[in-house]
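Novice: Quick one: structure below, then a few questions.
Residue numbers (the working numbering), protein chains in the order written: chain H, 1 to 112; chain Y, 113 to 228.
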C-alpha cells in the first residue's frame, strides 16, 4: 500500500536558521514522484519542489532542497535561511501510477 | 506552472442546499483533480475528471453527492449537493503541469466552504 508519513506535527525554527522537515514513504512501485507543498493560513497549496524516483541528484529550488534517501525511503525537506513568511503547514506527497497521496503535514513556526 | 483560479473563494451555505465550485486553468490539461481538506486534516482526493468522459470517484465519494462536469480542457465544476455541516472543508482543484512538467501537480487557491 502507498503511504506517506510525517512524524512532526509541529516544528519551531529561529529566523535565518535552517530547518529539516521529515517525510518517509512506502511504495512497491519502482517509479514514483515525491512532492512538497506549503499551505499558508489562506488555504492555497503552493508547490515547492519535486523529486523523481530515478533522479540521481537531490532536487533544489531556491532555499528549498529535498534530501532524497531512496534506500531509507525518506524525502526530507530542508529550508535554508528561514524567513517569517515560511510559517505555514508543509505537506509531503507521493504519486505513483495512481493519484497524489498526502502526509498529515507539519506546522512550521518561524520565530523572530 | 499552470495558473488555476477557483470561484467562489469562500461561501457560507445552509444545510440541505448545493454549491457549485468552478475551476479555470490558463492552459489545456488532460486531467483535473478535485480534493477535499476537512478542518485540521490533510487532503483527500474526491475524483479525477477527464474531458469527454465520466469522472472517476475515489472510495467514499459518489456522483450523486459530488457531481462533476468537465466540458472542455480548461474548465471543470464540482457541486457539493444536499450539504451538511460535515461538508465544511476547503475544496481544491488541481492539474498536472504543462508539457514536459507533466510530472508536477499544481493546485488552485481553494474554496473555503462553511455549512451551517
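The C-beta atom is built at its ideal place from N, Cα and C for all residues, glycine as well.
This structure is a prediction, so every number in the text was calculated from the model and none was measured.
Whole angstroms are fine: how far does the CA of residue 66 of chain H sit from the CA of residue 76 of chain H?
Specialist: So the alpha carbons of these two residues sit roughly 6 Å apart.
Novice: Who are the near neighbours of residue 115 of chain Y in its chain, counting only those whose CB is closer than 6 Å to its CB and skipping five residues on each side?
Specialist: The residues are 138.
Novice: Residues in its own chain within less than 6 Å of residue 224 of chain Y by CB, not counting five upstream and five downstream?
Specialist: Only 122 and 202 meet the Cβ criterion.
Novice: For residue 3 of chain H, count neighbouring Cβ atoms within 10 angstroms of its own Cβ and tell me buried if that reaches 16, exposed if not.
Specialist: Classification for residue 3 of chain H: exposed.
Novice: Taking C-alpha atoms, which residue in H:68, H:39 and H:25 lies nearest to residue 219 of chain Y?
Specialist: Comparing Cα positions, the closest option is H:39.
Novice: Could you name the residues of chain H that residue 158 of chain Y contacts, counting a contact when the two beta carbons are closer than 8 Å?
Specialist: By Cβ distance, chain H contributes nothing, its closest Cβ being about 10 Å from residue 158 of chain Y, past 8 Å.
Novice: Can you find a C-beta in chain Y that's less than 8 Å from the C-beta of residue 44 of chain H?
Specialist: By this cut-off, residue 44 of chain H is an interface position.
Novice: Does the beta carbon of residue 218 of chain Y sit closer than 8 Å to a beta carbon anywhere in chain H?
Specialist: Yes - at least one Cβ of chain H is within 8 Å of the one on residue 218 of chain Y.
Novice: What residues of chain H sit near residue 215 of chain Y, judged by a beta carbon separation below 7 Å?
Specialist: The answer, in chain order, is 33, 50 and 52.
Novice: Is there contact between the stretch 93-107 of chain H and the stretch 181-193 of chain Y, where contact requires at least three CB pairs shorter than 8 Å?
Specialist: No: the two stretches stay apart, fewer than three of their Cβ pairs being nearer than 8 Å.
Novice: Under 8 Å, Cβ to Cβ, is there at least one residue of chain Y near residue 76 of chain H?
Specialist: Answer no: the Cβ-Cβ gap between residue 76 of chain H and chain Y never drops below 8 Å.
Novice: List, in order along the chain, the chain Y residues whose C-beta lies closer than 9 Å to that of residue 108 of chain H?
Specialist: Result: empty, since nearest Cβ-Cβ is about 15 Å, beyond 9 Å.
Novice: For residue 132 of chain Y, which residues from the same chain have a beta carbon less than 6 Å from its beta carbon, with the 5 sequence-adjacent residues on both sides left out?
Specialist: Closer than 6 Å at Cβ, skipping near neighbours: 189 and 191.
Novice: Looking at C-beta atoms only, is the number of pairs between the stretch 19-30 of chain H and the stretch 201-217 of chain Y that lie closer than 8 Å three or more?
Specialist: The answer is no - the stretch 201-217 of chain Y does not touch the stretch 19-30 of chain H, with fewer than three Cβ pairs under 8 Å.
Novice: Bridge partners for residue 168 of chain Y per DSSP, in chain order?
Specialist: DSSP output for residue 168 of chain Y lists Y:160 as bridge partner(s).
Novice: Report the rounded CA-to-CA distance for residue 35 of chain H versus residue 92 of chain H, giving the unit in angstroms.
Specialist: Taking the straight line joining both Cα atoms gives about 6 Å.
Novice: Name, in chain order, the residues that DSSP records as bridge partners for residue 75 of chain H.
Specialist: Bridge partners of residue 75 of chain H: H:68.
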